[in-house]
Amino acid sequence: MAVTASRPTARKRPADAPGGRPARRRGRIQWKGYLYALPALTVLTVFLLVPLGQLVQISLFHWDGVSASTWAGFANYTEIARDPQLRAGFLHSLVLIFFFSVLPIGLALLLAAITTRASRLRGVSVFRALIFLPQVVAMVVTATAWTAIYAPDGVLNTALRAIGLDAVARPWLGDFTTALPSVGLIGTWLEIGLCLVLFIAGIGQIPGELYEAAKLDGAGAVREFLAVTLPGLRGQITVALTLTVIAALKTFDLVYVATHGGPGNATSLPAFEVYNRAFGTGQVGSACAIAVVLTVVILLITFLITKLQPEEDGT
Amino acid sequence: MTERTRGRSARRTVAAAALATGLLTAVAACSPGPGGNASAGATRTAGPVSTDVAKAGKVTLTEWDQNTDPGTDASTEALNKAFMAKYPNVTIKRVSRSFSDLKTTLKLALSSSNPPDVVQANQGYPDMGAFVKAGLLQPVDSYAKVYGWDTAFPSQLLDLNRFSTDGKTWKSGSLFGVSQTGEIVGIYYDKAKLKSLGLAAPTTLAGFETALAKAKSSGLQPISYGDADKSPGIHIFGVVQAATAGKAEVRKLVFDEGGAKWTDPGSLKAATTLRGWADKGYLGSGFNGESKDQAVADFAAGKSLFLVDGTWQAAVLEPKMKTNVGFTALSPAAGQPPLTQGGEGLAWAMTSKSEHPDVAAAYIDFLVNSNGMKVLADHGNLPALPQADYRPAAGTVDADILAQWKAVSEKDGLLPYLDYTTPTFYDTLTAAVQELTAGQLTPQAFGAQLQSDYARFQQGS
Numbered sequence: 001m002a003v004t005a006s007r008p009t010a011r012k013r014p015a016d017a018p019g020g021r022p023a024r025r026r027g028r029i030q031w032k033g034y035l036y037a038l039p040a041l042t043v044l045t046v047f048l049l050v051p052l053g054q055l056v057q058i059s060l061f062h063w064d065g066v067s068a069s070t071w072a073g074f075a076n077y078t079e080i081a082r083d084p085q086l087r088a089g090f091l092h093s094l095v096l097i098f099f100f101s102v103l104p105i106g107l108a109l110l111l112a113a114i115t116t117r118a119s120r121l122r123g124v125s126v127f128r129a130l131i132f133l134p135q136v137v138a139m140v141v142t143a144t145a146w147t148a149i150y151a152p153d154g155v156l157n158t159a160l161r162a163i164g165l166d167a168v169a170r171p172w173l174g175d176f177t178t179a180l181p182s183v184g185l186i187g188t189w190l191e192i193g194l195c196l197v198l199f200i201a202g203i204g205q206i207p208g209e210l211y212e213a214a215k216l217d218g219a220g221a222v223r224e225f226l227a228v229t230l231p232g233l234r235g236q237i238t239v240a241l242t243l244t245v246i247a248a249l250k251t252f253d254l255v256y257v258a259t260h261g262g263p264g265n266a267t268s269l270p271a272f273e274v275y276n277r278a279f280g281t282g283q284v285g286s287a288c289a290i291a292v293v294l295t296v297v298i299l300l301i302t303f304l305i306t307k308l309q310p311e312e313d314g315t
Numbered sequence: 316m317t318e319r320t321r322g323r324s325a326r327r328t329v330a331a332a333a334l335a336t337g338l339l340t341a342v343a344a345c346s347p348g349p350g351g352n353a354s355a356g357a358t359r360t361a362g363p364v365s366t367d368v369a370k371a372g373k374v375t376l377t378e379w380d381q382n383t384d385p386g387t388d389a390s391t392e393a394l395n396k397a398f399m400a401k402y403p404n405v406t407i408k409r410v411s412r413s414f415s416d417l418k419t420t421l422k423l424a425l426s427s428s429n430p431p432d433v434v435q436a437n438q439g440y441p442d443m444g445a446f447v448k449a450g451l452l453q454p455v456d457s458y459a460k461v462y463g464w465d466t467a468f469p470s471q472l473l474d475l476n477r478f479s480t481d482g483k484t485w486k487s488g489s490l491f492g493v494s495q496t497g498e499i500v501g502i503y504y505d506k507a508k509l510k511s512l513g514l515a516a517p518t519t520l521a522g523f524e525t526a527l528a529k530a531k532s533s534g535l536q537p538i539s540y541g542d543a544d545k546s547p548g549i550h551i552f553g554v555v556q557a558a559t560a561g562k563a564e565v566r567k568l569v570f571d572e573g574g575a576k577w578t579d580p581g582s583l584k585a586a587t588t589l590r591g592w593a594d595k596g597y598l599g600s601g602f603n604g605e606s607k608d609q610a611v612a613d614f615a616a617g618k619s620l621f622l623v624d625g626t627w628q629a630a631v632l633e634p635k636m637k638t639n640v641g642f643t644a645l646s647p648a649a650g651q652p653p654l655t656q657g658g659e660g661l662a663w664a665m666t667s668k669s670e671h672p673d674v675a676a677a678y679i680d681f682l683v684n685s686n687g688m689k690v691l692a693d694h695g696n697l698p699a700l701p702q703a704d705y706r707p708a709a710g711t712v713d714a715d716i717l718a719q720w721k722a723v724s725e726k727d728g729l730l731p732y733l734d735y736t737t738p739t740f741y742d743t744l745t746a747a748v749q750e751l752t753a754g755q756l757t758p759q760a761f762g763a764q765l766q767s768d769y770a771r772f773q774q775g776s
């Protein structure tokens, strides 16, 4: 009980609730409430929970998708740990988290901090719409366009050769060392707009007095950013982290269109393997096991990220 | 209050435990797919066979095909229309998807309760084998006799569509379909460029390598090659391997007839040769990042001497290059018949659940009989059984292709596509070829990688 009392939420409650009603209410299950939630709950069960249960179920079998299945126990899971190609896929995902989350959030913070220095920007909404554009474009279109940019005779290499950097020009998506970072940079391009829009909106909510106070205290740009902007954006950073990390982990279409997991298996990812095994090579059980692991990893990471969320937002 | 809370939490624990046990039991009790002891395999083999479609009453026949390219699309449309005109009681519902879309959706469609009647099934263990194992396709042996497919087709073409009814042995047992088109992988060459180098069209691997070296030394790109899509790697490796390993070894490997390994000298030499071409720049630079379509376009635009690809590219090259493009297949040594990857188009097969097997069979026969083959050829496709009166104009690539197809298919020179080897071999081989040509794998390690996939498959079956 002492533990519960020390929580800020618990302390707040008596003040929030006028009169003695809550005590009575808490003891009774509000069936009517569940009734209202029933439609949503039904949809959730039929379209989400049941398939999820089936996913877990199939992951425990060896199944080619059409003929009878055989019980596998956890063999499909142990295979994930043993198969170096699958392990590499999960490692590639971690690399992508850097390009999809860390890099865009860092860059967006920098850009957002710079824009706060400008007292009033003309046409901010146009600017915002533009940087948000990559989020609106379908991923397949994005991937196709970037494939053309990265092609051996594509825009990027042509530009490099034009300025005399022939030695740097290479088939970006076909080179074993550059393929994964190249795919990652597409992700950076995709996510930076989302982060920037979030941060600019967040900075708008930070009281102007804080900036004034910082200025009066003689804080420079860096100091102001660290003391005012960054703490003020904690909530937005959490949201951005959650969204971009999930985007990184579930990346499929980008790789499917741009590289097919190649060259070799240099850009193979868990989500791509799920598709490939389920629909290509007839290893449905194994595909489901990877999907389960991927789901658990995503849940775990997002749970850890929510721990960063300022507690006031939690109530 | 504490009393109540404890009671509730205890109840909750019990409920959760019950739910968990229930779920686990459910998971263990029912398994995905058809029941474990459901007798997979063919059930509707016996029974009288009728060829009288007109008497079948009003029938809607659903067919799924992969004929999305202009040539085969047009011929399929024409044949469907003709069939419906001949038998007004039959309506054909056509569903056409690209090869990869068909591959990914056909499984789901076949295992549904209301599958299409006629489907194009890809040969090999991953597709046809899996369907047969699950009892989704029905054997067509009795129809083959009635319609004479068993005598019209050369046995090496029929065998590719045969499976034991448990789906475990390929190339023997029941016939599960027949194919309409023929296809081989070979070498397209630019006639004018070849002439300017003073060379004739190569017929052996040695001759081909001489031409490659000469082109390179005179500053001409030897081969247009783009492997970003991963599939071209199989073809170029297969063409080399056919020459270095010979037909007996390749067939043993792919058909899993035992006694051959991917690390054997023939395959090793093929890997070494291909790696050599990559190192010498014969394949160009940046090929792993270049698309297949770009490579074909480059060759058509006269940027290179050769293109290693299948007969299906003729329809793309011919309009652009006219009579300047030729096609050849390689022999292991001078004087021997050519030997190359190829076979037949996807098999037209009948589903077990089709309610009109007689109509379905009559439809398949309509596609592959002499008139069907003629319509195919009229629309610029290579028919599996070219009719005697099919003679493309001399000097065209179609004439080259027909001559090579006859030489290969009639002299037992057809080798199976390498990705038939195991269900996962397409992925393994395409990735390994990219690694080999990029210098990430030595030819020895390349062979070992293929062999490990192969060994896993052999243990499992």
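So the sequence lines, in the order shown, correspond to chains A and B.
Residue numbering for the first sequence follows our numbering, starting at 1 and increasing by one per position.
Residue numbering for the second sequence follows our numbering, starting at 316 and increasing by one per position.
Glycine included, C-beta positions come from ideal geometry on N, C-alpha and C.
All of these numbers come straight from a predicted model, not from anything done at the bench.
query = Would you call the region 156 to 165 of chain A and the region 217 to 229 of chain A touching, i.e. three or more CB-CB distances under 8 Å?
reply = Between the region 156 to 165 of chain A and the region 217 to 229 of chain A there are fewer than three C-beta pairs closer than 8 Å, too few to call the two in contact.
request  = Taking the CB atoms as reference points, tell me whether residue 265(A) and residue 746(B) lie closer together than 7 Å.
outcome  = If you check the CB distance, residue 265(A) and residue 746(B) come in under 7 Å.
query = Which residues, in order along the region 749 to 762 of chain B, keep a beta-carbon less than 7 Å from a beta-carbon of chain A?
reply = For the region 749 to 762 of chain B, the set of residues with a beta-carbon nearer than 7 Å to any beta-carbon of chain A comprises 749, 750, 753 and 755, in chain order.
inquiry  = Measuring only the C-alpha atoms, how far is residue 324(A) from residue 92(A)?
reply    = No statement about residue 324(A) is possible, as the shown extent of chain A runs from 1 to 315 and does not include it.
Terminal residues of the alpha helix (DSSP H) in which residue 685(B) lies = Segment 685 to 693, the alpha helix (DSSP H) holding residue 685(B).
query = So which of 292(A), 308(A), 219(A) and 74(A) has the shortest CA-CA distance to residue 234(A)?
reply = Residue 308(A) is the option with its Cα nearest to residue 234(A).
ask   = What does residue 574(B) reach in chain A if we use C-beta pairs closer than 8 Å?
value = Per Cβ cutoff of 8 Å: no residues; residue 574(B) is ~26 Å from chain A at best.
key: Interface positions of the region 170 to 191 of chain A facing chain B (Cβ-Cβ less than 7 Å), listed along the chain   = Of all residues in the region 170 to 191 of chain A, those with a C-beta nearer than 7 Å to a C-beta of chain B are 170, 171, 172, 173, 174, 175 and 176, reading in chain order.
request  = Select from the region 582 to 611 of chain B all residues with a C-beta closer than 9 Å to any C-beta belonging to chain A, and list them in chain order.
outcome  = Within the region 582 to 611 of chain B, the residues whose Cβ lies closer than 9 Å to some Cβ of chain A are 599, 600, 601, 602, 603, 604, 605, 606 and 609, listed in chain order.
inquiry  = 7 Å is my cut-off, CB to CB: does residue 347(B) come that close to chain A?
reply    = For residue 347(B), the answer is yes, since a Cβ of chain A falls inside 7 Å of its Cβ.
task = Jot down the residue ranges of each uninterrupted beta strand (DSSP E) in the region 721 to 767 of chain B, minimum 3 residues, whole runs only, in chain order.
result = List check, beta strand (DSSP E) in window: nothing returned.
task = Could you have a look at residue 71(A) and say whether DSSP puts it in helix, strand or coil?
result = Looking at residue 71(A) - three-state DSSP - the assignment turns out to be strand.
Any C-beta of chain A under 7 Å from that of residue 256(B) = Outside the displayed range of chain B (316 to 776) lies residue 256(B), so it cannot be described from this structure.
query = Using the beta-carbon count (16 or more within 10 Å), is residue 701(B) buried or exposed?
reply = Counting C-beta atoms within 10 angstroms of its own C-beta, residue 701(B) has 16 or more neighbours from the protein chains shown and is therefore classed as buried.
query = Do you know offhand how far residue 714(B)'s Cα is from residue 74(A)'s?
reply = Per the coordinates, the alpha-carbon of residue 714(B) lies some 57 Å from the alpha-carbon of residue 74(A).
ask   = Would you report the Cα separation of residue 445(B) and residue 486(B), rounded to the nearest angstrom?
value = Each residue's alpha carbon lies about 14 Å from the other.
ask   = Listed in chain order, which residues of the region 254 to 268 of chain A have Cβ atoms closer than 8 Å to some Cβ of chain B?
value = Taking 8 Å as the Cβ-Cβ cut-off against chain B, the residues of the region 254 to 268 of chain A that qualify are 259, 260, 261, 262, 263, 264 and 265.
inquiry  = Beta-carbon within less than 8 Å of residue 550(B)'s beta-carbon, same chain only, minus the 5 sequence neighbours each way: which residues are those?
reply    = These residues qualify, in order along the chain: 500, 623, 624, 625 and 656.
task = Identify, in the order they occur along the chain, each residue of the same chain with its Cβ nearer than 7 Å to the Cβ of residue 762(B), setting aside the five sequence neighbours on each side.
result = Taken in chain order, the residues that qualify are 577, 578, 582, 583 and 586.
task = List the residues of chain B that residue 276(A) touches, going by C-beta distances under 8 Å, in chain order.
result = Per Cβ cutoff of 8 Å: 742.
message = Let's see if you can read the secondary structure: which residues bound the alpha helix (DSSP H) around residue 392(B)?
response = From DSSP, the alpha helix (DSSP H) with residue 392(B) extends over 385 to 401.
message = Using the Cβ count rule (16 or more neighbours within 10 Å means buried), how would you classify residue 354(B)?
response = Bear in mind that a pLDDT of 41 at residue 354(B), under 50, signals an unreliable position, so the number given afterwards is only what the model happens to contain. Flag for residue 354(B) reads exposed.
Own chain, CB closer than 7 Å to residue 156(A), minus 5 neighbours either side, in chain order = Around residue 156(A): 149, 150 and 172.
inquiry  = Under 7 Å, Cβ to Cβ, is there at least one residue of chain B near residue 58(A)?
reply    = Yes, contact with chain B.
Reduced DSSP secondary structure (H/G/I, E/B, other) of residue 353(B) = Annotation note: pLDDT 41 at residue 353(B) (below 50); position unreliable, no value reported.
ask   = Fully enclosed by the region 563 to 606 of chain B, which alpha helix (DSSP H) runs are 4 residues long or longer?
value = You should have 580 to 594.
Where the beta strand (DSSP E) through residue 60(A) begins and ends = Unbroken run through residue 60(A): none, as it is neither H nor E.
task = Give the single residue among 490(B), 462(B), 690(B) and 463(B) whose Cα lies nearest to the Cα of residue 473(B).
result = In this structure, 490(B) is the residue among 490(B), 462(B), 690(B) and 463(B) with its C-alpha nearest to the C-alpha of residue 473(B).
ask   = Can you list, in chain order, the residues of the region 531 to 544 of chain B whose Cβ is nearer than 8 Å to any Cβ on chain A?
value = Residues passing the 8 Å Cβ filter: 542, 543 and 544.
task = Rounded to whole angstroms, what's the CA-CA distance from residue 482(B) to residue 443(B)? Just pull it up for me.
result = Answer to the nearest angstrom: the Cα atoms are 8 Å apart.
request  = Mind checking who residue 641(B) pairs with in its DSSP beta bridge?
outcome  = Looking at the DSSP assignment, residue 641(B) forms a beta bridge with 504(B).
request  = Pull out every residue of the region 432 to 453 of chain B whose Cβ sits closer than 7 Å to any Cβ of chain A, in chain order.
outcome  = For chain A, the residues of the region 432 to 453 of chain B that bring a beta carbon within less than 7 Å of one of its beta carbons are 441, 445, 446, 448, 449 and 451, in chain order.
request  = Consult DSSP for residue 170(A) and reduce its assignment to one of helix, strand or coil.
outcome  = Correct three-state label for residue 170(A): coil.
key: C-beta neighbour in chain C for residue 217(A), strict 7 Å   = Among the chains of the structure shown, chain C does not appear; the protein chains present are A and B.
query = How many Å lie between residue 605(B) and residue 364(B) at the Cα?
reply = One C-alpha to the other measures close to 52 Å.
key: Proximal residues of chain A, C-beta to C-beta of residue 738(B) below 7 Å   = Correct list: 281 and 282.
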